């Protein structure tokens, strides 16, 4: 039987001592202190202008741009001591360094909600939207999200990918433990990404990220760079993931309300008849002799407000759930354009706080109708 991805931990024996945890938290601080001054210099001194002598462009997507540091460039201080012992991060000394700068559409809280995945279940849900890993596991958590700090997470994870390289993130660094040796038939890559994001205007996020990678195998530099650039440009997928998780969270809450009160819970429900579209008020009732109206073809019911919706005003979405036996299920759920807009513009902070408090928003609802689909069949 083929193992379903994201269900097994290949290193169940990993236990972090207090010193291990302290060292990893220190590593987190060191990474921030290493790159944040470069971000400040880029914004304040360089006026967000990339030095073309140091950086060569290798990819872009709208307002996001990826550069690779030119070979032979030495960014180390002139007064550095050559006799200093090599650090544990010596693997990155001669590896390609990538820089991504620019802006993309989204809200910070949506981005962070889509990024944070401290549990195995949430990691699976995230991967179903972002499609960044083929398999993975949460090995240990050092700092868990809390209702007060729902986007704060420090964890040790194992991930597997089928591409040469494919990863993006806020702060990621490869680490090794004696009891987490590479699995048979796999090649372990080393990776370090430090990214900074800030909201500069409504629905516009500014980004600055460094990426250093060692593929681990015999991969041509050009192939590694192309894969890394593509991954760095996929940051917007985390915004999409955050919005999808908000939609699922809202759906769960609405159905919980419905179980307590069998009447419709939407503020808009009941304002229109059962034969009128809840958005545009199009008449969906059949004509004489039962003949359907043209506008009623493809009619459905929004699973949030429970109002009828015509084919022009409905928005089918691929939503990921977890079944009671732990399987990942993708369902095509119908919403109306108004509910989708409301959830899209809703602050993800409330859903993130609920998630940090232990609310399980991803369990499949038995009463929820919808067609099962493959993950790639429908965009969120």
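Numbering (the working numbering), first residue to last: 5 to 384.
Just so it is clear, CB atoms sit at the ideal spot from N, CA and C, and this is done for glycine as well.
Quick caveat: nothing in here was measured; it's all calculated off a predicted structure.
> The beta strand (DSSP E) spanning residue 140 covers which residue range?
Replying inline: 139-147
>> Taking only three categories from DSSP, how would you classify residue 81?
In response: Its pLDDT being 49, under 50, residue 81 is placed unreliably by the model, and the measurement read from it follows with that caveat. Residue 81: coil per DSSP, three-state reduction.
>> Using 8 Å for Cβ pairs, my map puts residue 366 next to residue 129. What's the rounded Cβ distance?
In response: 5 Å
> What number of angstroms, rounded off, separates the C-alpha of residue 330 from the C-alpha of residue 132?
Replying inline: 14 Å
>> Under 8 Å, with one C-beta from each stretch per pair, do the stretch 25-45 and the stretch 57-76 reach the 3-pair mark?
In response: no
> By how many angstroms is the C-alpha of residue 18 removed from the C-alpha of residue 151?
Replying inline: 27 Å
> Is residue 83 buried or exposed, if buried means 16 or more other CB atoms sit within 10 Å of its CB?
Replying inline: Residue placement at residue 83 is flagged as unreliable, the pLDDT there being 46, under the threshold of 50; the coordinate-derived value follows with that caveat. So residue 83 counts as exposed.
> Looking at the unbroken beta strand (DSSP E) that takes in residue 106, where does it start and where does it end?
Replying inline: 101-109
>> With H, G and I counted as helix, E and B as strand and the rest as coil, what does DSSP make of residue 259?
In response: helix
>> Going by C-alpha to C-alpha distance, which of 211, 291, 341 sits closest to residue 46?
In response: 211
> Whose C-alpha, out of 149, 345, 108, 121, is nearest the C-alpha of residue 240?
Replying inline: 108
> Between residue 226 and residue 62, what straight-line distance do the alpha-carbon atoms span, to the nearest angstrom?
Replying inline: 10 Å
>> Tell me the rounded alpha-carbon separation between residue 73 and residue 59.
In response: 5 Å
>> Can you check which of these residues, 338, 324, 289, is closest to residue 306 by C-alpha distance?
In response: 338
> Given residue 121, which residues of its chain have a CB within under 7 Å of its CB, disregarding the five upstream and five downstream residues?
Replying inline: 127, 130
>> Rounded to whole angstroms, what is the Cα-Cα separation between residue 244 and residue 114?
In response: 8 Å
>> Classify residue 172: buried if its beta carbon has 16 or more other beta carbons within 10 angstroms, exposed otherwise.
In response: Low confidence applies here, because residue 172 scores a pLDDT of 31, under 50, leaving its location unreliable and the question unanswered by this model.
> CA-CA distance, residue 214 and residue 116?
Replying inline: 18 Å
> Any idea if residue 348 is buried or exposed, counting beta-carbon neighbours within 10 angstroms, 16 or more meaning buried?
Replying inline: exposed
>> For residue 76, tell me which candidate among 54, 204, 55, 100 has the shortest Cα-Cα distance.
In response: 100
>> If contacts are defined as beta-carbon pairs under 8 Å, then residue 149 and residue 360 qualify, I think. What distance do you get, rounded to the angstrom?
In response: 4 Å
> Along the chain, where does the alpha helix (DSSP H) that runs through residue 164 open and close?
Replying inline: From DSSP, residue 164 is part of no alpha helix (DSSP H) but of the beta strand (DSSP E) over 158-164.
> Measuring CB to CB, does residue 250 end up less than 8 Å from residue 112?
Replying inline: no
> Apart from the five residues just before and just after residue 207, which ones in its own chain have a Cβ nearer than 6 Å to its Cβ?
Replying inline: 109
>> By the DSSP assignment, the alpha helix (DSSP H) with residue 33 in it spans what residues?
In response: 22-44
> First and last residue of the beta strand (DSSP E) that includes residue 73?
Replying inline: 68-73
>> Can you tell me where the beta strand (DSSP E) holding residue 60 begins and where it ends?
In response: 59-65
> What's the C-alpha gap between residue 160 and residue 13?
Replying inline: 12 Å
>> Pop quiz: residue 164 and residue 138 are said to be a contact at Cβ under 8 Å. What is the actual Cβ separation, rounded to whole angstroms?
In response: 5 Å
> Among 237, 144, 103, which has the Cα closest to the Cα of residue 198?
Replying inline: 103
> If you count every other CB in all the chains shown that lies within 10 Å of the CB of residue 311, and 16 or more means buried, which is it?
Replying inline: buried
> Per DSSP, which one or two residues make a beta bridge with residue 121?
Replying inline: Looking at the DSSP assignment, residue 121 forms no beta bridge with any residue, so it has no partner.
> Which value, in whole angstroms, describes the spacing of the CA atoms of residue 378 and residue 326?
Replying inline: Low confidence applies here, because residue 378 scores a pLDDT of 44, under 50, leaving its location unreliable and the question unanswered by this model.
> What is the DSSP secondary structure of residue 232, reduced to helix, strand or coil?
Replying inline: helix
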